[in-house]
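Residue numbers (the working numbering): 35 to 882.
Heads up, the beta-carbon is just placed ideally off N, CA and C, and yes, glycines get one too.
Since we're looking at a predicted model, the values are computed, not measured.
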């Protein structure tokens, strides 16, 4: 480390020690300091904060400079072929990278496991001038438990062990030291909590020394974590510069050339056409220079190849002007994508001049008509979740579909170009003919309502580029499903008032679904995910704070909750407050008594400490807080659900964030140890839920090729490595895990469904199971009788037996069956316990 970095870490260490000493001093009643000492502590904290912010700013500037440096573009022929071949090229490249065992299956700079990726390219000797030192090689070979011991020992020393900063182990060091800091924080909090429960006379010098030692251990670990973070940042900048150098560019070019050769074997005609078009272009293009080899020419060239290919392969296609309203040209489907993707890719074959580099809007339309009344409901929806519904009258189904298409186009005014996809060939052909000819159809040829004719007239004046095509895929995709459902609901809402609320609810749900499925990236394990955020009810003028949190296990274990960043002014460390938590349940409708809490600053962040959380607040529960800074009462409340919901085996009676539930309730999360004891099946689920990329529905995806490596990184014993494939097969067969086809972007982030232009790959997906348990209705607040419960299912569980009793042979067999069905953790039934199998409980009402 250079001098500036050492100063940043030293300041963080000093602040962490001062915070620990202050906590101990408050507990022993010696927290009053001279004014000069308080000013010195404040000055030290400000210096530490400024130093860290300065390093972060400098790191961002270095990364921006490293990534802004223009990289050497791939050859023009490869880039055009990659655009035209699409999925075929992606599969070929994935096969090449798999054969060469490239970590993560991507040529682009990864966001994690960087050294493993670099090693798989065979370029570590170029990146590092010397081979791995013996000390570093020894650290690389250590199993997770031994490496954790090395990190723990190093964190107690004043000087850091240099091998830990080596790029080969620095990322592993950063991850392990983060786990160590969390454990030491919880240990310090537990010691403080235990000492505070003692009467003041029982808090002796030995307890004080133990607390001070625990505080120093925590402070040293926090300083080490900052040092690891800085070293990882330096490695990240070096690697970003390295991938732009000739050695890596040659490796990248060889991989792409090998993929292009595979595509040439599969589609020789396409490759010959691309080579001809590119050769012709390079002789005339003014941009075909070494400094800028046609960077902006790929889109137009790919479009030209597509037009020439259509002209050669589809000689039977009719000119659009000669098509009758009952037929429309559509290319033969080649790639239908997955049913849960927004749109069948073959539906875009009939659209003119699609250039993915140009901003455009793809709109899916649909209509549902009642033949007895002539009324129809229509809907359109875009890929990013914009939508509209309406109800009109039509003389025919063709009239209704044409109306829906015209309305969709006109609603996208000033947005160019617009591509409309529908399921009706006649409507698509007629609208396309109107757009091309700028003339409305003759009234004697086709019967339309006056409203549809006015829309067609307006369509002839539209100046932006508009294209229409047909989705003839036998399996409707997500966009088609959404418009069909919304059009039917709109039609019902016009007749039955109660259907209007259902339409609004479904529209909101579909908007969120579309954004999650195709519009937003998944949350990675290293992405920032704030535990707390400021609420809209906050009012800076009246100094009222309002914020929300999603509860984590560390909040429950440590008895605290965070305040969001940035903190408001006027907060005082150590201030005593009262928390009134409104957490009603049907079984406990009474108000909870207020509890004393403490406002404190720890690790540069503010939090409420000394909270006693209700026993049924599970990780993932949403809690809202409010506080008038001038007062001393903090209010908190949870949000009851209409009915209890069970996510996997966890029952929630209050609103929750399913993404946090996926992370926080992974197998082994309830074990108080660094490396939990789990079966190989549970290790697979734990890895998917802890390291998989999250969507808003709580699903987590991970490239199957990276599963074994990620399991080992989390601590899975090496003896399970050979069993991982069979465990995945078992989990897929039982529906606990799903295999899906997705894609990987330039940052190594998985997407599902697959995105255009990405490398396609097989993903494993964990999807949380949701269901509403059949429970008794909520009791009245004034009734405390134990009335009969409705019939409901109880999951299998382990139960302690009376002293001296043993489980029967039958129960041991049932426990083994439950293990094989993944209903319980794969471990021996403890002595003195028995297994209670899944059963029904309650009173069923018998009917004759």
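Proximity to residue i [Cα-Cα], best of the options
i, options, result
"residue 702", "685, 302, 722", "722"
"residue 603", "137, 540, 673, 664", "664"
"residue 199", "679, 471, 269", "269"
"residue 696", "799, 168, 738, 660", "799"
"residue 185", "249, 208, 223, 96", "208"
"residue 291", "115, 437, 429", "115"
"residue 740", "687, 765, 766, 797", "797"
"residue 51", "252, 131, 147, 225", "252"
"residue 687", "709, 541, 656", "656"
"residue 433", "409, 544, 645, 54", "409"
"residue 747", "177, 727, 775", "177"
"residue 711", "751, 679, 730, 676", "751"
"residue 377", "716, 505, 647, 102", "505"
"residue 189", "97, 254, 238, 673", "254"
"residue 85", "264, 236, 218", "264"
"residue 773", "742, 759, 802, 738", "738"
"residue 420", "436, 426, 427, 397", "397"
"residue 685", "660, 127, 661, 653", "653"
"residue 470", "485, 476, 494", "494"
"residue 681", "718, 674, 673, 694", "694"
"residue 83", "441, 568, 636", "636"
"residue 159", "201, 118, 126, 135", "201"
Those residues which DSSP pairs with residue i across a bridge
i, result
"residue 799", "735, 772"
"residue 804", "681"
"residue 53", "None; residue 53 has no bridge partner."
"residue 567", "582"
"residue 784", "778"
"residue 647", "Its beta-bridge partners do not exist; DSSP assigns none."
"residue 642", "595, 633"
"residue 661", "579, 668"
"residue 514", "Partner(s): none; residue 514 has no beta bridge."
"residue 656", "584"
Residue i - DSSP class collapsed to helix/strand/coil
i, result
"residue 263", "helix"
"residue 500", "strand"
"residue 97", "helix"
"residue 421", "strand"
"residue 299", "helix"
"residue 162", "coil"
"residue 41", "helix"
"residue 494", "coil"
"residue 427", "strand"
"residue 376", "coil"
"residue 47", "helix"
"residue 410", "strand"
"residue 399", "strand"
"residue 83", "helix"
"residue 310", "helix"
"residue 136", "coil"
"residue 415", "strand"
"residue 758", "helix"
"residue 305", "helix"
"residue 794", "strand"
"residue 363", "A caution first: residue 363 carries a pLDDT of 33, below 50, which makes its placement in the model too unreliable to give a value."
"residue 121", "helix"
"residue 142", "coil"
Contact belief for residue i with residue j at Cβ below 8 Å, rounded distance in angstroms
i, j, result
"residue 195", "residue 47", "The pair is not a contact, with the Cβ atoms about 16 Å apart (cut-off 8 Å)."
"residue 668", "residue 588", "Actually they do not touch by this definition, with Cβ atoms about 20 Å apart."
"residue 513", "residue 457", "Between residue 457 and residue 513 the Cβ distance is about 10 Å, and since that is not below 8 Å, they are no contact."
"residue 151", "residue 138", "6 Å"
"residue 500", "residue 429", "About 24 Å separates the two Cβ atoms, so there is no contact after all."
"residue 578", "residue 670", "Going by Cβ atoms, the distance from residue 578 to residue 670 rounds to 14 Å, so no, they are not a contact pair."
"residue 225", "residue 244", "7 Å"
"residue 484", "residue 412", "At roughly 17 Å, the Cβ-Cβ gap does not stay under 8 Å, so residue 484 and residue 412 are not in contact."
Residue i Cβ short of 8 Å to the ligand COA heavy atom set
i, result
"residue 707", "Ligands displayed in this structure: none; no statement on the ligand COA is therefore possible."
Exercise. What are the start and end residues of each continuous alpha helix (DSSP H) run of 4 or more residues lying completely inside the region 669-745, in chain order?
Worked result: Counting only runs of 4+ residues, the alpha helix (DSSP H) found wholly inside the region 669-745 occupies 692-698, 714-725, in chain order.
Exercise. Which full runs of the beta strand (DSSP E) of 3+ residues lie inside the region 579-627, going along the chain?
Worked result: 594-596, 609-616
Problem set entry | Minimum length 4: unbroken alpha helix (DSSP H) runs contained in the region 439-492 | Listed in chain order, the complete alpha helix (DSSP H) runs (minimum 4 residues) inside the region 439-492 are 459-471.
For this session: Within the region 166-250, note down every full beta strand (DSSP E) run reaching 3 residues or more, in order along the chain.
Result: With a minimum length of 3 residues, no continuous beta strand (DSSP E) run stays inside the region 166-250.
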